[in-house]
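Just add 263 to wherever you are in the sequence shown, counting from 1, and you've got this note's numbering. Even for Gly, the Cβ is constructed at its ideal location relative to N, Cα and C. First comes the structure, then the notes that go with it.
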Amino acid sequence: MAAEKIAQIHSYNGLYAAPFTAFKDNGEINPSVIPEYVDHLVRQGVKAAFVNGTTGEGLSLTVEERKTIAEGWVKAGKNKLDVVIIQVGANSIKDARELAAHAEKIGATGIASLPPIFYKPQTHDHLIAYFKSLSEAAPSLPVMLYHIPSYSSVEIRLADFMPRVRKEVPNFCGAKYTSTDVRDLLDCHNLPGEPFKVLSGFDEVLLPCLSCGVTSAVGATYNFMGPLGLKTMVAFRRGDIETARKIQNKVLEAVLTLTKHGQGIACFKAVMNIVGPINVGLPRVPLVPLSPEALSKLKEDLKKLKPEEWA
Numbered sequence: 264m265a266a267e268k269i270a271q272i273h274s275y276n277g278l279y280a281a282p283f284t285a286f287k288d289n290g291e292i293n294p295s296v297i298p299e300y301v302d303h304l305v306r307q308g309v310k311a312a313f314v315n316g317t318t319g320e321g322l323s324l325t326v327e328e329r330k331t332i333a334e335g336w337v338k339a340g341k342n343k344l345d346v347v348i349i350q351v352g353a354n355s356i357k358d359a360r361e362l363a364a365h366a367e368k369i370g371a372t373g374i375a376s377l378p379p380i381f382y383k384p385q386t387h388d389h390l391i392a393y394f395k396s397l398s399e400a401a402p403s404l405p406v407m408l409y410h411i412p413s414y415s416s417v418e419i420r421l422a423d424f425m426p427r428v429r430k431e432v433p434n435f436c437g438a439k440y441t442s443t444d445v446r447d448l449l450d451c452h453n454l455p456g457e458p459f460k461v462l463s464g465f466d467e468v469l470l471p472c473l474s475c476g477v478t479s480a481v482g483a484t485y486n487f488m489g490p491l492g493l494k495t496m497v498a499f500r501r502g503d504i505e506t507a508r509k510i511q512n513k514v515l516e517a518v519l520t521l522t523k524h525g526q527g528i529a530c531f532k533a534v535m536n537i538v539g540p541i542n543v544g545l546p547r548v549p550l551v552p553l554s555p556e557a558l559s560k561l562k563e564d565l566k567k568l569k570p571e572e573w574a
């Protein structure tokens with residue numbers, strides 16, 4: 264079963280949305296929007312989701328909330344999305360194992376996990392022990408590392424780590440790579456033996472990641488400007504680097520312009536609410552929504568970016 268789903272993850276060479284978790288006005292999660300959310304992504308050409316990650320505020324959710332959101336995406340994505348990966352990382356291995364077993368039970372394609380980010384693993388062996396325990400809770404699912412050192416402060420060289428962990432965890436198949444260390448990314452695609460699937464995690468550097476061997480990417484902007492990411496990939500694959508660079512620069516301009524108004528996730532949730540069709544509400548504390556003044560300025564900048572052209 265794991266081998267079949269690993270092949271499924273390897274064969275998908277498109278974009279993954281990193282979905283926002285929708286909240287109601289009272290701060291409770293709002294999973295009722297997920298079916299419409301899936302349809303919105305599919306209309307953009309985005310047919311995969313990486314659920315309960317950073318953009319989804321996964322670590323601000325309770326275990327039960329994370330289960331509810333995971334169930335919503337797997338159910339709504341059936342026969343519509345090609346891949347649904349659930350991020351199950353937690354500081355407590357018991358919580359992470361519970362979430363992993365739940366993802367297996369509901370039929371997710373695979374799981375990914377942040378490393379523990381309070382008692383940080385000091386060596387590869389420590390992190391391997393974590394993933395070995397995690398995989399034992401969901402042996403039929405592919406397992407991936409969510410590598411995001413700017414948030415986790417867990418600095419490893421992925422090209423060294425992945426071959427080692429696969430010796431201990433046979434269903435380990437790759438990583439979500441949210442780092443700008445292009446040299447390590449390049450090395451990940453030059454490893455001997457069965458290749459790993461490495462998903463690019465920074466929308467604004469998709470093009471250089473494609474040149475390193477990346478074939479799929481996960482991102483927050485793919486929630487509302489997925490067609491630009493897809494056009495970048497198409498242009499790159501046909502060898503039209505100039506067009507790919509122009510499109511990538513539009514994405515970079517949008518990211519830099521929109522996120523100058525506040526914390527990144529708060530800014531992107533505001534954009535999602537404006538361009539629609541899904542209202543994902545406000546972020547959950549410790550993230551805070553944009554001030555009225557910042558929101559007004561974001562709306563002005565958004566008009567200048569011409570979001571009607573993103574499609």
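At what residue ranges does the stretch 442-488 contain a whole run of the beta strand (DSSP E), taking only runs of 3 or more? Taken in chain order, the complete beta strand (DSSP E) segments of 3 or more residues contained in the stretch 442-488 are 460-463 and 479-482.
Out of curiosity, what's the CA-to-CA distance linking I332 and R427? Straight-line spacing of the CA atoms in I332 and R427 works out to 32 Å.
The alpha helix (DSSP H) with Y414 in it runs from where to where? Segment P412 to S415, the alpha helix (DSSP H) holding Y414.
Residues that DSSP places opposite S559 in a beta bridge: For S559, which the question treats as bridged, DSSP gives no partner whatsoever.
Judging by CA-CA distance, which residue of I356, C475, G437 and P298 is the nearest neighbour of Q271? It is G437.
V514 classed as buried or exposed, judged by whether at least 16 other C-beta atoms fall within 10 angstroms: By the Cβ neighbour-count rule, V514 is buried, with 16 or more other Cβ atoms within 10 Å of its own.
Secondary structure of V314, DSSP reduced to three states: Residue state for V314 is assigned as strand, using DSSP reduced to three classes.
Just checking my contact of A311 with V346 at CB under 8 Å: how many whole Å lie between their CB atoms? Right, their Cβ atoms sit about 4 Å apart.
Can you tell me whether DSSP reads G370 as helix, strand or coil? Note: G370 maps to coil in three-state DSSP.
Is Q579 helix, strand or coil when you go by DSSP? The first residue shown for the chain is 264 and the last is 574, placing residue 579 beyond what the model contains.
Take C475 as the anchor and find which of T495, G492, D450 and T386 has the nearest alpha-carbon. Taking each of T495, G492, D450 and T386 in turn and checking the Cα distance to C475, the smallest one comes out for D450.
Taking K268 as part of the alpha helix (DSSP H), name the residues at either end of that continuous run. Here the alpha helix (DSSP H) through K268 covers A265 to S274.
I592 and I348 closer than 8 Å at C-beta: Outside the modelled stretch of the chain, which goes from 264 to 574, sits residue 592, for which no answer is possible.
Please confirm if the stretch 414-430 is in contact with the stretch 372-389, defined as three or more CB-CB distances below 8 Å between the two stretches. Segments in contact, yes.
Looking at G308 and G489, is the spacing between their C-beta atoms short of 8 Å? In contact: G489 and G308 (Cβ atoms closer than 8 Å).
Have a look at E563, K343 and A359 and flag the residue whose alpha-carbon is nearest the alpha-carbon of P555. Among E563, K343 and A359, the Cα nearest to that of P555 is on E563.
What residues in its chain sit with their C-beta under 6 Å from that of I369, if we drop five residues either side in the sequence? The answer, listed in chain order, is E334 and V337.
Three-state secondary structure assigned by DSSP to I332: Three-state DSSP puts I332 in a helix.
Beta-carbon proximity list for T484, same chain, < 6 Å, skipping 5 on both sides: Once the five neighbours on either side are set aside, the close Cβ partners of T484 are D466.
Which partner residues of F286 appear in the DSSP bridge assignment? Paired residue(s): I292.
Rounded C-alpha distance that separates N315 from A285: If you take the alpha carbons of N315 and A285, they lie about 11 Å apart.
Of the residues R420, D423 and A359, the one placed nearest F394, counting alpha carbons only: Nearest C-alpha to F394 among R420, D423 and A359: A359.
S479: buried (16+ other C-beta within 10 angstroms of its C-beta) or exposed? So S479 ends up on the buried side.
Under 6 Å Cβ to Cβ from N542, same chain only, skipping five residues before and after it: list those, please. Taken in chain order, the residues that qualify are N536.
Let me check understanding here. Comparing Cα to Cα, which of R547, K567 and K341 lies closest to A517? Each of R547, K567 and K341 was checked against the Cα of A517, and the nearest Cα belongs to K567.
Is it true that the CB of P455 sits closer than 8 Å to the CB of N434? If you check the CB distance, N434 and P455 do not come in under 8 Å.
Please identify the residue among K494, L545, P549 and K569 whose C-alpha is closest to the C-alpha of G290. Sorting K494, L545, P549 and K569 by C-alpha distance to the C-alpha of G290 places L545 at the top.
Contact defined as beta carbons within less than 8 Å: I believe S295 pairs with R547. What is the distance between those atoms, to the nearest angstrom? With 8 Å as the limit, S295 and R547 do not qualify as a contact, their Cβ atoms being about 17 Å apart.
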